[in-house]
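Read through the structure below, which is laid out as structure tokens, and then see the notes.
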Amino acid sequence: MGKQEVLAADGRRREDVALITGRAHYVDDIRLPEGRPAPLHMAVVRSIYAHAKLGQIDVEAARALPGVVGAFTGEELVRDMPILEPVPMPGLKKPQRRPMALQRVRYVGDPVAVVLAESPALAADARDLVDISYEPLPVVSDPEEALAPGAPLLYEEFGSNIAVQTHASGGDIEAAFAQAEHTTRFRVVNQRIAPNSLEPRGCLFDFDPATGELTAWLSSQSIYRARDTLAHFLHIAREKIHVYNAEVGGGFGSKAGFVGEELVAAALAVRYGRPVKWIESRSENLQAQTQGRGQINYIEAAFQGDGCLLGLRVRTVADLGAFLAAITAMVPHGTAYLLSGPYRVQAIDVQMVGVYTNKVATAPYRGAGRPEAAYILERTLDRIAHILKLDPAEVRQRNFIAANDFPHRTVMGMSYESGNYQAGLERLLTLADYTGWRTKQREQRSQGESKHLLGIGLATFIENSGGSMGPIRPGIPQEAATVRIRPDGTILVQSGVASNGQGHFTAFAQIVAKELNVPMSHVEVQMNDASLPAFGIGTFGSRTTQTSGSAVLLAAQAVREKALQVAARTLEVSPQDLVLEDGQVMVQGVPARVLSLGELARMVEAQPELIEHETPNPVNGVPIEGLAAWRDFVSPESTFSSGAHLAVVEIDTETGEVKLEAYVAVDDCGRVLNEFLAEAQVHGGVAQGIGQALYEETLYDQEGQFLTSTFMDYAMPFARGIPEIQAAFVETPSPRNPLGVKGVGEGGTIGAPPAVVNAVLDALEPLGIQNIDMPIKPERVWSLIQSAYQGALQETDPVLPSVFQAEVKASNEAPEFG
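Counting from 1213, one number per residue, gives the positions in the sequence shown under this note's numbering.
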């Protein structure tokens, strides 16, 4: 068995034992050290109106309930807290949002008051006793209606419901349309969906008045950001805040930052000097956690008779909700820069208007702008194929950026470092037996009208990840890690990652084991602790292995060099004459002259002058002592993964039910370090992408009432709705990090929605059906089929909202998150 095979076999997920044996600890499982009082439990009183002025809030009955410690309005708790600031954008109209509602509520679920009690049940009972007087106001829940003259305003001071307008373009769009042989126009919707992690939000805070120290246990994607946010809002020195990540039952972007309730719980822990716990219920999570997507796109494409795409005009209405989380407005803005996908496109022109509505805010959800871009583009490519009666695979092949064209800069200014899109698609077509499926489809159609319709859908896409998050500041890391050789010869890896179950413990152990040539069982990995000699800005955007993993690799290389230097001095040879194998350093060709890594670590402990000491790390000033190394890493530019996915569906014309017969995914995430972990990421992403395509949607009525507040109303895919997913990889290593890796965590949510929708439209093509919006529910399919049978099917030309008639200055600045 070769070395790579040993690593693969030895590299199965080490995280899983505690999870599958029930020994893992989520936030609600945390037990405080002996001597600390039992935690108080916080319950949140939420608005029952989508838009209203707050009148009197009577909390006296709640306070009088035995076992209740306190009940508070927003005015009492957050009036003097800082504003929740979003990432700045030119022209962005920012409301004065605090962690709780003040004077006015703007969505159903807006936090209005909180109660603290000795048990969760008492807190829930007390919550029901809070009496609130509301003065209802007009509501707008549809983003396009929010743009209409005379629409109810969420913020009168802004004069409209427009939060931001942006215009991004590249190339000569007028020339592209002037020379085009064909054009097409249509409208697609990327519906709002809920992140629905297995574990809703949760937090436990313990403040010690004697020391002034706050300890936090969170379900988070960014523990260092959480620490800094707590310091800012509570006016506590950062070094007095200790943040730990418990096990995290999924985040998908929604746990990257606080939007309110956690800050209130922390403030109450400080006020009472007692631990305070808040565990969100599932209905609260559906109602008040940030949601994803929420885009309406008007598309106009210019193309030639051979299927080559020349130009793309896109006008986007983004439903931002009632307030701005950190990068709410950045997500739809970022979609514009990814609209080249894996294709050569001469010109792109995109206008986006972000709109306030009486709903909970949107924020990043697995993919965050990338799925929306791919959906626009892949629906366009299939429509071109349909109009020209060409095979969709052939249209994509004709438009691909050539493999010898890298590095490649797109018309929108994005820099693709490496890729081979043709190879990915060719492998997909072979693995999926594309020719066989097309033959089966032709045979079925040749038999005349059938109860079942077969459809094959493709999606080829790119995914950007791993670039710098904002400006690179000298001395301030974005990702950092320490690797230490311990006196017993084992290796300790300390990383700033807030792991959410992706397999980082396994991946980082594998990286270090390979670099130091020791068994993986000799490597311990620590993370999820903001006091470690490490740093990380967050686990999101498919960036962690390429950024944090690179920091781990660099630290391992550095400590390896230190070990060799000490051994060379001791053995009186040149470092170049030494080899490191199985935890020992030996002189090449002289196996008797050997020192173990443990011996070298003990030498350095006894004689620190044997190695050059590193300066204290810039995050917390803690010196790096012993046989250890701290290294940080940031890539100034993103890496660009790619993928080619295929879905096969069968539609029952009598019921409208869509059954997925097959799904095949070929992804290029650069060098694949651990195929088990990479394949798991593809499977999870595809399952969520199928969920969006076929099942999931958050719905509000005209009064802003939330209609999908339980899993009885919000559909999620069951296991039987997900076919066996065949995953494979091609590898084009990235030169932008020392591991050569690219992101893989979001490819499934990018590729699956257009692949599934294109398959459904391919099945319905003989009936003349050209458009359908997600989620593709049976009643929607059935209605279209009936209209087609009755000859009543017609596709109207989409009418652009008048807001796009105004001139908005174009910007070619790519969004900071990508």
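The C-beta atom is built at its ideal place from N, Cα and C for all residues, glycine as well.
Query raised in the report: CA-CA distance, proline 1421 and glycine 1485?
Result: 6 Å
Requested in this report: Taking 7 Å as the cut-off, decide whether the C-beta atoms of glutamine 1503 and valine 1572 are in contact.
Outcome: With contacts defined by Cβ atoms closer than 7 Å, glutamine 1503 and valine 1572 form a contacting pair.
Query raised in the report: Roughly how many angstroms lie between the CA atoms of alanine 1541 and leucine 1532, to the nearest whole one?
Result: 7 Å
Requested in this report: Compute the Euclidean distance between the alpha carbons of tyrosine 1367 and asparagine 1373, then round it to the nearest angstrom.
Outcome: Roughly 7 Å separates the two Cα atoms.
Query - Strand pairing of tryptophan 1490, partner residues [DSSP] - result: Cys1415
Requested in this report: Consult DSSP for valine 1320 and reduce its assignment to one of helix, strand or coil.
Outcome: coil
Query raised in the report: Based on the DSSP secondary-structure assignment, which residues constitute the bridge partners of glutamine 1982?
Result: Its beta-bridge partners do not exist; DSSP assigns none.
Query - Rounded straight-line distance, which links the Cα of alanine 1719 to that of arginine 1591 - result: Arginine 1591 and alanine 1719 have their C-alpha atoms spaced approximately 36 Å apart.
Query raised in the report: Should serine 1662 go down as buried or exposed, given a rule of 16 or more other Cβ atoms within 10 Å for buried?
Result: exposed
Query raised in the report: Does methionine 1681 have its Cβ less than 7 Å from a Cβ in chain D?
Result: Of the protein chains in the structure, only one exists, and it is not chain D.
Query - Three-way DSSP call (helix, strand, coil) for phenylalanine 1535 in this model - result: coil
Query raised in the report: In or out: valine 1825 buried (at least 16 other Cβ within 10 Å) or exposed?
Result: Residue 1825 is actually histidine in this sequence, not valine. Its Cβ having fewer than 16 others within 10 Å, histidine 1825 is exposed.
Query - Neighbourhood of threonine 1647 by C-beta distance below 8 Å, restricted to the same chain and skipping five residues each side - result: Around threonine 1647: Leu1641.
Query raised in the report: What whole-angstrom Cβ distance do arginine 1226 and phenylalanine 1717 have, given they're in contact under 8 Å?
Result: With 8 Å as the limit, arginine 1226 and phenylalanine 1717 qualify as a contact, their Cβ atoms being about 6 Å apart.
Requested in this report: Look at the Cβ atom of glutamate 1849, then the Cβ atom of glutamine 1403, and state whether they are nearer than 7 Å.
Outcome: no
Query raised in the report: What is the DSSP secondary structure of threonine 1694, reduced to helix, strand or coil?
Result: Strand, per DSSP.
Requested in this report: Write down every uninterrupted run of the alpha helix (DSSP H) in the stretch 1328 to 1390 whose length is 4 residues or greater and which is fully enclosed by it, in chain order.
Outcome: 1332 to 1339 and 1355 to 1358
Requested in this report: With distances taken Cα to Cα, identify the nearest neighbour of isoleucine 1823 among Ala1967, Leu1776 and Val1256.
Outcome: When C-alpha distances from isoleucine 1823 are compared across Ala1967, Leu1776 and Val1256, the shortest belongs to Leu1776.
Query raised in the report: Going straight from the alpha carbon of leucine 1790 to that of glycine 1838, what length do you get?
Result: Whole-angstrom Cα-Cα distance: 21 Å.
Query raised in the report: Could you give the distance in angstroms between the alpha-carbon of phenylalanine 1918 and the alpha-carbon of valine 1229?
Result: Going by the C-alpha atoms only, they are around 39 Å apart.
Query - Any alpha helix (DSSP H) of 4 or more consecutive residues that is wholly inside the stretch 1898 to 1986 - result: 1959 to 1976
Query raised in the report: Can the beta-carbon of leucine 1765 be found closer than 7 Å to that of proline 1950?
Result: yes
Query raised in the report: Where does the unbroken alpha helix (DSSP H) through leucine 1314 begin, and where does it stop?
Result: Per DSSP, leucine 1314 belongs to no alpha helix (DSSP H) and is neither H nor E.
Report task. Please report the residue range of the beta strand (DSSP E) in which tyrosine 1510 lies. Result -> 1507 to 1515
Query raised in the report: Span of the alpha helix (DSSP H) holding glutamate 1817?
Result: 1809 to 1818
Query raised in the report: Does the Cβ of lysine 1954 have 16 or more other Cβ atoms within 10 Å, making it buried, or fewer, making it exposed?
Result: buried
Query raised in the report: First and last residue of the beta strand (DSSP E) that includes valine 1565?
Result: Unbroken beta strand (DSSP E) run through valine 1565: 1559 to 1568.
Query raised in the report: Is arginine 1772 buried or exposed, if buried means 16 or more other CB atoms sit within 10 Å of its CB?
Result: buried
Query raised in the report: What distance in whole Å lies between the Cβ atoms of arginine 1582 and leucine 1550, which are believed to be in contact at a cut-off of 8 Å?
Result: 6 Å
Report task. Please report how far the alpha carbon of valine 2015 lies from the alpha carbon of arginine 1248, in whole angstroms. Result -> 58 Å
Requested in this report: Please name the residue in Thr1569, Glu1474 and Pro1245 whose C-alpha comes closest to that of glutamate 1352.
Outcome: What sits at residue 1352 in the sequence shown is valine, not glutamate. Checking every option, the nearest Cα to that of valine 1352 belongs to Thr1569.
Report task. Go ahead and label lysine 1467 buried or exposed: buried means 16 or more other beta carbons lie within 10 angstroms of its beta carbon, across all protein chains shown. Result -> By the 10 Å Cβ count, lysine 1467 comes out buried.
Query raised in the report: So what's proline 1583 in DSSP terms, helix, strand or just coil?
Result: In the structure shown, the three-state DSSP call for proline 1583 is helix.
Query - DSSP beta-bridge partners of glutamine 1738 - result: Gln1706
Report task. Would you list the residues sitting across from threonine 1427 in a DSSP beta bridge? Result -> Asp1418 and His1454, per the DSSP bridge assignment.
Report task. Measure the alpha-carbon distance for valine 1482 versus histidine 1454 and round it to whole angstroms. Result -> 14 Å
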